[in-house]
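One structure is given below, encoded as structure tokens.
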Amino acid sequence: MVELDVAESYQDENGNEIVFDGRLEGNVTIVFRGRNNRLEIHPEATFRELNVQFDCDNGTALFGHSVGSSWRVRVGEDATVRVGRGVTTTEVCGVSAVEGTTIRIGNDVMIASEVQIRGDDGHPIFDVRTGVRVNPAKSILVGHHVWLGWGVLVLGGAKIRAGSVIGAKSVVTRKIPNNCIAAGAPAKVVRRDIAWERPHLSLAEPPYKPDISTIVKTERWWNLTEDSPRSKADGSGKSRGAGLRRRAERLRDGLRESHD
Ligand SMILES: CC(C)(COP(=O)(O)OP(=O)(O)OC[C@H]1O[C@@H](n2cnc3c(N)ncnc32)[C@H](O)[C@@H]1OP(=O)(O)O)[C@@H](O)C(=O)NCCC(=O)NCCS
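When you read off a place in the sequence shown, starting at 1, and then add 93, the result is the number in my numbering.
Dropping the structure here:
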């Protein structure tokens with residue numbers, strides 16, 4: 094095992110490497126336990142804390158040009174963590190990707206305190222009858238310009254589309270469409286057709302911001318929510334696909350009954 098407390102250009106005999114045209118120290122820990130792992134950092138990126146642990150082989154972690162963000166990242170076998178540019182974190186954001194999964198965090202994502210983005214459960218759970226794993230690791234997408242509120246947990250299989258806001262202490266397990274607010278555990282859409290902007294309510298002028306005329310609008314993130322209002326995450330708990338499946342099941346059951 095190699096543990097580094099400096100991030101700079103690095104290569105070792107196990108094929109592990111850091112691709113970084115810069116140097117970071119203080120609150121930096123990079124651990125290589127296996128082989129052929131790769132950490133790539135944008136030359137102008139800075140961090141308040143950077144802790145990346147490559148536990149196995151063939152892991153990749155890529156950090157775009159963000160300033161002063163904080164990360165505690167675990168990368169397992171064949172897994173990838175990709176963080177875009179302009180991403181901010183209030184405190185340390187925990188990320189875990191293992192078993193060939195990918196966690197992608199887009200550009201201009203705003204991450205509040207106590208947020209975890211993890212595609213795996215850390216330990217295996219099996220079906221007692223079959224011995225088959227019931228909690229496979231899954232990939233995660235956090236789209237561009239997404240705001241993850243305080244204490245949000247993003248779990249494997251989550252796909253949050255661009256421009257959406259996830260409410261405090263929510264648990265995201267599924268697809269969340271663009272430009273909406275989703276909240277709860279599991280998170281469901283509670284409001285559609287919204288856009289959020291970065292200026293802080295009390296730190297940025299003016300001290301009251303009742304409408305968009307009070308700040309500069311970031312036009313590109315102002316979009317209507319695109320998914321059908323009856324998508325799975327719309328709070329109804331139903332989807333067209335699920336409805337059709339149920340109908341097909343009823344028909345099949347009906348046919349079976351008539352054959353019996
Ligand atoms: C989600 C949030 C943005 C409010 O959005 P909103 O569209 O104004 O939501 P409303 O207050 O109208 O509530 C809509 C529904 O969602 C529920 N809800 C709102 N926030 C929720 C949350 N965090 N968790 C669970 N449910 C929540 C409400 O109870 C309400 O449910 P109901 O329709 O059954 O009564 C806000 O509650 C929130 O969580 N903000 C997080 C802010 C944060 O973390 N900041 C950190 C600093 S970066």
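Quick reminder that beta carbons are idealized off the backbone N, C-alpha and C, glycines included.
For residue i, which of the options has the nearest alpha-carbon?
i: D171; options: A288, A205, G244 and S189; result: S189
i: G249; options: N200, V264, S163 and W243; result: V264
i: M94; options: L246, N129 and V112; result: N129
i: S232; options: N107, N144 and V247; result: V247
i: N228; options: V235, G236, L234 and F219; result: F219
i: V180; options: V168, G169 and A205; result: A205
i: L117; options: N144, T195 and H237; result: N144
i: R165; options: G193, V208 and N200; result: V208
i: G199; options: V121, P136 and I210; result: I210
i: E110; options: D214, P136, F147 and G119; result: F147
i: R254; options: G244, T223 and A288; result: A288
i: D114; options: T139, D213, P303 and K302; result: T139
i: G169; options: N316, F125, W314 and E290; result: F125
i: G242; options: G161, G127, T311 and K262; result: K262
i: A230; options: G256, T311 and V191; result: V191
So, are the CB atoms of residue i and residue j less than 8 angstroms apart?
i: P292; j: I308; result: yes
i: L46; j: I123; result: With the chain running from 94 to 353 in the structure shown, residue 46 is simply not present.
i: R178; j: S159; result: yes
i: G157; j: V176; result: yes
i: A100; j: V121; result: yes
i: P270; j: D201; result: no
i: V258; j: W240; result: yes
Could you tell me the alpha carbon to alpha carbon distance between residue i and residue j, rounded to whole angstroms?
i: G152; j: E298; result: 44 angstroms
i: M203; j: G260; result: 12 angstroms
i: T318; j: Q104; result: 45 angstroms
i: I274; j: V283; result: 6 angstroms
i: T182; j: V225; result: 37 angstroms
i: S34; j: R131; result: Only positions 94 to 353 of the chain appear in this structure, which leaves residue 34 out of reach.
i: A280; j: H237; result: 18 angstroms
i: R267; j: P300; result: 36 angstroms
i: D286; j: T195; result: 28 angstroms
i: K358; j: G215; result: Summary: the structure shown does not reach residue 358, with the chain confined to residues 94 through 353, and so no result is reported for it.
i: V235; j: R197; result: 6 angstroms
i: G277; j: V245; result: 10 angstroms
i: S102; j: G193; result: 25 angstroms
i: K302; j: T173; result: 40 angstroms
i: D150; j: E137; result: 27 angstroms
i: G330; j: V112; result: Reliability of the predicted coordinates at G330 is poor, the pLDDT of 42 falling under 50, and no value is obtained from them.
i: G127; j: G212; result: 20 angstroms
i: N107; j: G256; result: 41 angstroms
i: P217; j: G161; result: 34 angstroms
i: R313; j: T223; result: 49 angstroms
i: R167; j: G187; result: 8 angstroms
i: W315; j: N272; result: 8 angstroms
i: G119; j: R141; result: 8 angstroms
Does the beta-carbon of residue i, which I'm using as the reference point, lie nearer than 7 angstroms to any heavy atom of ligand 1?
i: K302; result: no
What are the start and end residues of each continuous beta strand (DSSP E) run of 3 or more residues lying completely inside the region 228 to 308, in chain order? Taking only runs of at least 3 residues, the beta strand (DSSP E) segments lying wholly in the region 228 to 308 are 233 to 235, 246 to 248, 274 to 276 and 281 to 284.
Which residues, in chain order, sit with a beta-carbon under 5 angstroms away from any heavy atom of ligand 3? Of the ligands this structure carries, namely ligand 1, none is ligand 3.
Complete runs of the beta strand (DSSP E) confined to the region 183 to 218 [at least 3 residues]: Correct list: 186 to 190, 195 to 198 and 209 to 211.
To test your reading of the DSSP string, which unbroken beta strand (DSSP E) runs of 3 or more residues are found completely within the region 131 to 180? As far as the region 131 to 180 is concerned, its whole beta strand (DSSP E) runs of at least 3 residues are 131 to 134, 140 to 147, 153 to 156, 162 to 168 and 173 to 176.
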